[in-house]
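Heads up: the protein sequence lines correspond to chains A and B, in order. If you read the first sequence in the numbering used here, its first letter stands for residue 1, the second for the next number, and so on. If you read the second sequence in the numbering used here, its first letter stands for residue 1, the second for the next number, and so on. We put the beta carbon where it would ideally sit given N, CA and C, even for glycine. Since this is a predicted model, take the numbers as computed values, not measurements. Report on the structure given below.
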Amino acid sequence: MAKTHDHSHAHGHDHAHDHDDHHHGPDKGVMRWIKTTNHKDLGTLYLWFSFIMFFIGGLMSLVIRAELYAPGMQFIDPEFYNQMITLHALVMIFGGVMPGFVGLANWMVPMMIGCSDLALPRVNNWGFWILPFAFTMLLSTLFLPGGGPAGGWTLYPPLVLQGGASFPLTIFAIHMLGISSITGAINVVVTIMNMRAPGMTLLKMPLFVWTWLITAYLLIAVMPVLAGAVTMLLTDKYFGTSFFNAAGGGDPVMFEHIFWFFGHPEVYIMILPAFGIVSTIIPTFARKQLFGYDSMVYAVASIAFLSFIVWAHHMFTVGIPLAGELFFMFSTMLIAVPTGVKVFNWLATMWRGSMTFETPMLFAIGFVFLFTIGGFSGIMLALAPVDFQYHNSYFVVAHFHYVLVPGAIFSIIAAIYYWIPKWTGVMYDERLGKIHFWLSAIFINVTFFPQHFVGLAGMPRRIPDYAVQFTDFNVISTWGAFLYFIAQFIMIYNFLRCAIWRKGMVPATSQVWEGAHGLEWTVPSPAPYHTFEDPPHVGDEPAAAH
Amino acid sequence: MATHAAASDPSNRRYFVPAPSAWPFMLTVALGTILYSVSMYLEERHPGPIPFVLGGALFFYIVFTWFRGVATESETGQYSAQVDRTYRLGMSWFIFSEVMFFAAFFGALYYARELSVPWLSGEGSRVLTNEVLWPAFENIWPTNGPAAIGGDFKTISPWHLPLINTLLLLTSSVTITFAHHALKEGHRRATILWMWATIALGAVFLYFQASEYIEAYHELNLTLNSGIYGSTFFMLTGFHGMHVTLGTIMMISVTGRLMSGHFKPESHFGFEGVAWYWHFVDVVWVGLFIFVYIL
Numbered sequence: 001m002a003k004t005h006d007h008s009h010a011h012g013h014d015h016a017h018d019h020d021d022h023h024h025g026p027d028k029g030v031m032r033w034i035k036t037t038n039h040k041d042l043g044t045l046y047l048w049f050s051f052i053m054f055f056i057g058g059l060m061s062l063v064i065r066a067e068l069y070a071p072g073m074q075f076i077d078p079e080f081y082n083q084m085i086t087l088h089a090l091v092m093i094f095g096g097v098m099p100g101f102v103g104l105a106n107w108m109v110p111m112m113i114g115c116s117d118l119a120l121p122r123v124n125n126w127g128f129w130i131l132p133f134a135f136t137m138l139l140s141t142l143f144l145p146g147g148g149p150a151g152g153w154t155l156y157p158p159l160v161l162q163g164g165a166s167f168p169l170t171i172f173a174i175h176m177l178g179i180s181s182i183t184g185a186i187n188v189v190v191t192i193m194n195m196r197a198p199g200m201t202l203l204k205m206p207l208f209v210w211t212w213l214i215t216a217y218l219l220i221a222v223m224p225v226l227a228g229a230v231t232m233l234l235t236d237k238y239f240g241t242s243f244f245n246a247a248g249g250g251d252p253v254m255f256e257h258i259f260w261f262f263g264h265p266e267v268y269i270m271i272l273p274a275f276g277i278v279s280t281i282i283p284t285f286a287r288k289q290l291f292g293y294d295s296m297v298y299a300v301a302s303i304a305f306l307s308f309i310v311w312a313h314h315m316f317t318v319g320i321p322l323a324g325e326l327f328f329m330f331s332t333m334l335i336a337v338p339t340g341v342k343v344f345n346w347l348a349t350m351w352r353g354s355m356t357f358e359t360p361m362l363f364a365i366g367f368v369f370l371f372t373i374g375g376f377s378g379i380m381l382a383l384a385p386v387d388f389q390y391h392n393s394y395f396v397v398a399h400f401h402y403v404l405v406p407g408a409i410f411s412i413i414a415a416i417y418y419w420i421p422k423w424t425g426v427m428y429d430e431r432l433g434k435i436h437f438w439l440s441a442i443f444i445n446v447t448f449f450p451q452h453f454v455g456l457a458g459m460p461r462r463i464p465d466y467a468v469q470f471t472d473f474n475v476i477s478t479w480g481a482f483l484y485f486i487a488q489f490i491m492i493y494n495f496l497r498c499a500i501w502r503k504g505m506v507p508a509t510s511q512v513w514e515g516a517h518g519l520e521w522t523v524p525s526p527a528p529y530h531t532f533e534d535p536p537h538v539g540d541e542p543a544a545a546h
Numbered sequence: 001m002a003t004h005a006a007a008s009d010p011s012n013r014r015y016f017v018p019a020p021s022a023w024p025f026m027l028t029v030a031l032g033t034i035l036y037s038v039s040m041y042l043e044e045r046h047p048g049p050i051p052f053v054l055g056g057a058l059f060f061y062i063v064f065t066w067f068r069g070v071a072t073e074s075e076t077g078q079y080s081a082q083v084d085r086t087y088r089l090g091m092s093w094f095i096f097s098e099v100m101f102f103a104a105f106f107g108a109l110y111y112a113r114e115l116s117v118p119w120l121s122g123e124g125s126r127v128l129t130n131e132v133l134w135p136a137f138e139n140i141w142p143t144n145g146p147a148a149i150g151g152d153f154k155t156i157s158p159w160h161l162p163l164i165n166t167l168l169l170l171t172s173s174v175t176i177t178f179a180h181h182a183l184k185e186g187h188r189r190a191t192i193l194w195m196w197a198t199i200a201l202g203a204v205f206l207y208f209q210a211s212e213y214i215e216a217y218h219e220l221n222l223t224l225n226s227g228i229y230g231s232t233f234f235m236l237t238g239f240h241g242m243h244v245t246l247g248t249i250m251m252i253s254v255t256g257r258l259m260s261g262h263f264k265p266e267s268h269f270g271f272e273g274v275a276w277y278w279h280f281v282d283v284v285w286v287g288l289f290i291f292v293y294i295l
């Protein structure tokens, strides 16, 4: 994505101090990418990796949708179907969404707070390069006898323990992903706490930085818990422990508790940076300050806190005590309060703004509408007695795809449209961008809206066959999925034009967007290989995220 | 890790951004090789020892090289006060992540004792679980569950070796603090001696822990297979022992650096980071002593 400057920024020469002067410009060839310690290079690597994983995970979803085009078995056997739903989730969550946000953090956090790089650049490189290895391990299981993991991404025992040769590779891949996330998150937290330019006080930080600070905190808190949970699975299978074995005094439900203690904060790990992106884009194109900056910060912090005390709403039907059902139902519904604050603030920001609707703004507004639909179905699922009916139905699938695709993924797309002129120095094709948005917005609803209906009518998730009365809605859903997938090639073409085939593209100014504020717009487009080696001074104007 | 904050005006210095480096990539190669060969081994696909040994050797080589590189950068004064803060914050958050890792296993212990074992014995609304599935199973701790997995076992008395180990680790937290004070006052010889004392205490702890495991396996029939008690006992104390081992290696490494003249009274975060880590394993042990051994 990034076309970085080649000319030498020979900063060290005018600097009498004792720095090693290694980092002029980028090295040449493939070793540049393997050895790089530059946050922009690593951001680019993360984003390309995320792209590739979205493509692989998307292909898997098409296999699933093709199989569900009609009742009965069509193309694949049920075992392979199970492998597809398991790997689709793992690839999209750990390979697509999370690295996408980390790539954006790599690119933007140092430029937004005015520092030269992330605090620990070599660790940053490590965090990235773990990912291709981990996913090679995970996806290689498809070629083992017995195929890939097939117990669902939540890895519930005892089912997951019955997997074949894929099991230890899946567990170790998750360990590696955990190392990557934890190192990356420590890097982001330390960068934000320690590297802000003079005058960049906490409540002046752009909201994208704020949301990432809190996301990184969540990552450090819960990824080790996931590592512990999968380690217990590993020892239960190979070393005779009884953590999840009732005959030995353990409990398979205990895995669900530990897993979802990780899993629910993980849900917010995948949406808080999206909140930050939307809170950055909407003020730019409404040409107004963000409404309620401080309340946005406190809302994100509240959501993060609440995420630790809601996990058992994923387990209402498993047989937890009544007091547990009630506690987790009410704590879950409490999340609607800070989330509502955010949605109303976004609407209030747009209220009487002089709005224009460039592609990033379209995706941001699409986010506000469609994510909110996912939020509403979430409130329905939060009601324990109601969840008894919805649980493990396609309604749940519709719910979390609404918050993940037009939520998290739309925000990543919006962010790339928004910042790619800064990264590459050229404007993307606005007409293609708008076509891409409308096709995406239409087909994502065609894909997932009917799933609410089949879910409420009783179609279970994770089953490759269904009763004939669900056929019509599944046909619509499958058409939507294929057309959505095809529409993404418009975006890929558009971004490749910016990154590689730049002939005839319009150069971007350093300001790029008339209404944009923040330090990243004070550096040229494309941003030089090194920015803010000498920190800028941030003045007394109000918070940067207006 | 230490800085030369006083050597030049820290406010004027650019943040240290390292040159491109192959260490992280090589570390990932090593890690991937190790985990892949262990996976194959667990699934009895006979990878042979060669990939594991090569991956392990590369892993240790890179870790050594990387840390030596950081020590050199520090000692040649490339780190500003801001870099020093980075390491402090980074180490704090790393220790927090370790706390959360142990929290998962402590959580499993509390869950078993407070919920799953009582439920199996029919507590609350689980009468039928007990009557139908596991009649006659009673809520007692320690337990290896209704199926008595692993057979009868005895537990280790907290008041012999575990008590001695507690005293050893608590003492070692004091000795490493003495070492730190000696370093701050510029008494290098005393620092080194206190460090060796701390390392010796850690090593003796590990020796006792190993002999306790041997006793458990050979005389008490307490093994990793002994139901939920054996699972939580060995996983908690085992991960703690691994962390003590790592902490001892880290202390040996900073002591080696002290002996070759590294660190200054006013700047020595490499030393302090190890001390923080050591206090962390000490606190975890106190938790283990109370919740695993005594209660």
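Report the option in A:Val189, A:Phe255 and A:Ile52 whose CA atom is closest to the CA atom of A:Pro132.
By 1-based counting over the first sequence, the position of residue 132 of chain A is 132. Residue A:Ile52 is the option with its Cα nearest to A:Pro132.
Evaluate A:His401 with the Cβ neighbour count: other Cβ atoms within 10 Å of its Cβ, from every protein chain shown; 16 or more gives buried, anything less gives exposed.
To locate residue 401 of chain A, count along the first sequence from 1; it is residue 401. With 16 or more Cβ atoms within 10 Å of its Cβ, A:His401 is classed as buried.
Roughly how many angstroms lie between the CA atoms of A:Trp107 and A:Pro528, to the nearest whole one?
In the first sequence, counting from the first residue as 1, residue 107 of chain A sits at position 107. In the first sequence, counting from the first residue as 1, residue 528 of chain A sits at position 528. Rounded to whole angstroms, A:Trp107 and A:Pro528 show a C-alpha spacing of 12 Å.
Going along chain A in order, which residues have a C-beta closer than 7 Å to the C-beta of B:Pro313?
Outside the shown range of chain B (1 to 295) lies residue 313 of chain B, about which nothing can therefore be said.
Within 8 Å, do at least three Cβ pairs link the segment 257–275 of chain A to the segment 157–174 of chain A?
no
Inter-stretch contact at 8 Å, needing at least 3 Cβ pairs: the segment 62–75 of chain B / the segment 240–247 of chain B:
no
Just the C-alpha distance for B:Arg45 and A:Thr141, rounded to the nearest angstrom, thanks.
Counted from its first residue, the second sequence places residue 45 of chain B at position 45. Counted from its first residue, the first sequence places residue 141 of chain A at position 141. The straight-line gap from Cα to Cα measures roughly 13 Å.
Reducing DSSP to helix, strand and coil, say where B:Ser226 ends up.
The count along the second sequence starts at 1 and reaches residue 226 of chain B at position 226. DSSP places B:Ser226 in coil when its eight states are reduced to three.
Given a threshold of 16 other Cβ atoms within 10 Å of its Cβ, counted over all protein chains shown, does A:Gln162 qualify as buried or as exposed?
Locating residue 162 of chain A in the first sequence gives position 162, where the first residue counts as 1. The residue in question, A:Gln162, is exposed, as its Cβ has fewer than 16 Cβ neighbours within 10 Å.
Reduced DSSP category for A:Lys288 - H, G, I as helix; E, B as strand; rest coil
For the purposes of this step, residue 288 of chain A is identified with residue 288 of the first sequence, where counting begins at 1. Correct three-state label for A:Lys288: coil.
Reduced DSSP secondary structure (H/G/I, E/B, other) of B:Val63
Here residue 63 of chain B refers to the residue found at position 63 when the second sequence is read from its first residue. Of the three classes helix, strand and coil, the one that applies to B:Val63 here is helix, per DSSP.
A:Tyr298: first and last residue of the uninterrupted alpha helix (DSSP H) it sits in:
Position 298 of the first sequence, counted from the start, is the residue given in the question as residue 298 of chain A. For A:Tyr298, the enclosing alpha helix (DSSP H) has its first and last residue at Tyr293 to Leu306.
For B:Phe105 and A:Ile413, what's the separation of their Cα atoms in angstroms?
Locating residue 105 of chain B in the second sequence gives position 105, where the first residue counts as 1. Locating residue 413 of chain A in the first sequence gives position 413, where the first residue counts as 1. So the alpha carbons of these two residues sit roughly 39 Å apart.
Considering only C-alpha positions, which residue in the set B:Phe96, B:Pro47, B:Ile249 and B:Phe233 is nearest to B:Arg113?
For the purposes of this step, residue 113 of chain B is taken as the residue at position 113 of the second sequence. Of the candidates B:Phe96, B:Pro47, B:Ile249 and B:Phe233, the one whose C-alpha sits nearest the C-alpha of B:Arg113 is B:Phe233.
Check the Cβ-Cβ distances between B:Tyr15 and every residue of chain A, and say whether any is below 8 Å.
Translated into the one-based positions of the second sequence, residue 15 of chain B becomes position 15. Judged by the 8 Å Cβ criterion, B:Tyr15 is in contact with chain A.
Amino acids of chain B, ordered along the chain, whose beta-carbon sits closer than 7 Å to that of A:Phe239:
Reading the first sequence from its first residue, position 239 is the one you call residue 239 of chain A. Annotation: Cβ neighbours of A:Phe239 in chain B (cutoff 7 Å, chain order): Leu224.
Would DSSP call B:Pro135 helix, strand or coil?
Sequence index remark: in the second sequence, residue 135 of chain B carries index 135 (1-based). The answer is coil: DSSP assigns B:Pro135 none of H, G, I, E or B.
In three-state DSSP terms, what is A:Lys342?
Along the first sequence, read from residue 1 onward, the residue named residue 342 of chain A stands at position 342. In this structure, A:Lys342 counts as helix in the three-state DSSP scheme.
Along the chain, where does the alpha helix (DSSP H) containing A:Thr478 start, and where does it finish?
The count along the first sequence starts at 1 and reaches residue 478 of chain A at position 478. That run of the alpha helix (DSSP H) goes Thr471 to Ala499.
If contacts are defined as beta-carbon pairs under 8 Å, then A:Pro149 and A:Thr86 qualify, I think. What distance do you get, rounded to the angstrom?
Position 149 of the first sequence holds residue 149 of chain A. Position 86 of the first sequence holds residue 86 of chain A. Their Cβ separation, rounded to whole angstroms, is 5 Å, which keeps A:Pro149 and A:Thr86 in contact under 8 Å.
Return the CA-CA distance between B:Ile149 and A:Leu169, expressed in angstroms with no decimal places.
On the second sequence, position 149 is the one that residue 149 of chain B refers to. On the first sequence, position 169 is the one that residue 169 of chain A refers to. Looking at the two C-alpha atoms, the distance is approximately 27 Å.
So, does the CB of B:Ala103 fall closer than 8 Å to a CB anywhere in chain A?
Within the second sequence, residue 103 of chain B is the residue found at index 103, counting from 1. Cβ-Cβ to chain A under 8 Å: yes for B:Ala103.
Give a yes or no on whether the minimum CB-CB distance between B:Gln209 and chain A is below 8 Å.
By one-based count along the second sequence, residue 209 of chain B stands at place 209. Closer than 8 Å: no.
Can you list, in chain order, the residues of the segment 129–162 of chain A whose Cβ is nearer than 7 Å to any Cβ on chain B?
So the close ones are Trp129, Ile130, Phe133 and Met137.
Looking at C-alpha atoms only, which residue of B:Tyr217, B:Met259, B:Thr175 and B:Glu73 is the closest neighbour of B:Ala197?
Position 197 of the second sequence holds residue 197 of chain B. The shortest C-alpha separation from B:Ala197 is found at B:Thr175.
Quick check on the burial criterion: 16 or more other C-beta atoms within 10 angstroms. Buried or exposed for A:Asp77?
Against the first sequence, residue 77 of chain A aligns to sequence position 77. By the neighbour-count rule (16 or more Cβ atoms within 10 Å), A:Asp77 is not buried but exposed.
Nearest neighbour of B:Val17, chosen from B:Tyr79, B:Ile164, B:Thr28 and B:Ser39 [CA to CA]:
As a position in the second sequence, residue 17 of chain B is number 17, starting the count at 1. With distances taken between Cα atoms, B:Val17 lies closest to B:Tyr79.
Taking the alpha carbon of A:Ile435 as the point to measure from, which residue in A:Phe357, A:Pro460, A:Ala481 and A:Gly378 has its own alpha carbon closest?
Residue 435 of chain A sits at position 435 when you count from the first residue of the first sequence. Per the Cα distances, A:Phe357.
Could you list which residues in chain B have their beta carbon closer than 8 Å to that of A:Pro321, in chain order?
Here residue 321 of chain A refers to the residue found at position 321 when the first sequence is read from its first residue. Those within 8 Å of A:Pro321 in chain B are Gly124 and Ser125.
In the DSSP assignment, what are the bridge partners of A:Ser393?
Against the first sequence, residue 393 of chain A aligns to sequence position 393. The partner list for A:Ser393 (beta bridge, DSSP) reads A:Pro460.
With a cut-off of 8 Å, does the C-beta of A:Met570 fall near any C-beta of chain B?
For residue 570 of chain A there is no data in the structure shown, the boundaries of chain A being 1 and 546.
On the three-state DSSP scale, how would you describe A:Pro157?
Taking the first residue of the first sequence as position 1, residue 157 of chain A is located at position 157. Of the three classes helix, strand and coil, the one that applies to A:Pro157 here is coil, per DSSP.
With 16 as the cutoff for other CB atoms within 10 Å, does A:Gln469 come out buried or exposed?
Here residue 469 of chain A corresponds to residue number 469 of the first sequence, with the count starting at 1. Residue burial annotation: A:Gln469 is exposed, with fewer than 16 other C-beta atoms found within 10 angstroms of its C-beta.
Hey, how far is the Cα of A:Ala336 from the Cα of B:Ala216?
Counting from 1 along the first sequence, the entry for residue 336 of chain A is found at position 336. Counting from 1 along the second sequence, the entry for residue 216 of chain B is found at position 216. Put simply, the backbone Cα of A:Ala336 is about 52 Å away from that of B:Ala216.
C-beta atoms of B:Thr33 and A:Trp126 nearer than 8 Å:
Counting from 1 along the second sequence, the entry for residue 33 of chain B is found at position 33. Counting from 1 along the first sequence, the entry for residue 126 of chain A is found at position 126. No, Cβ-Cβ distance for B:Thr33 and A:Trp126 is not below 8 Å.
Taking DSSP as the reference, what is the three-state secondary structure of B:Ser97?
As a position in the second sequence, residue 97 of chain B is number 97, starting the count at 1. DSSP places B:Ser97 in helix when its eight states are reduced to three.
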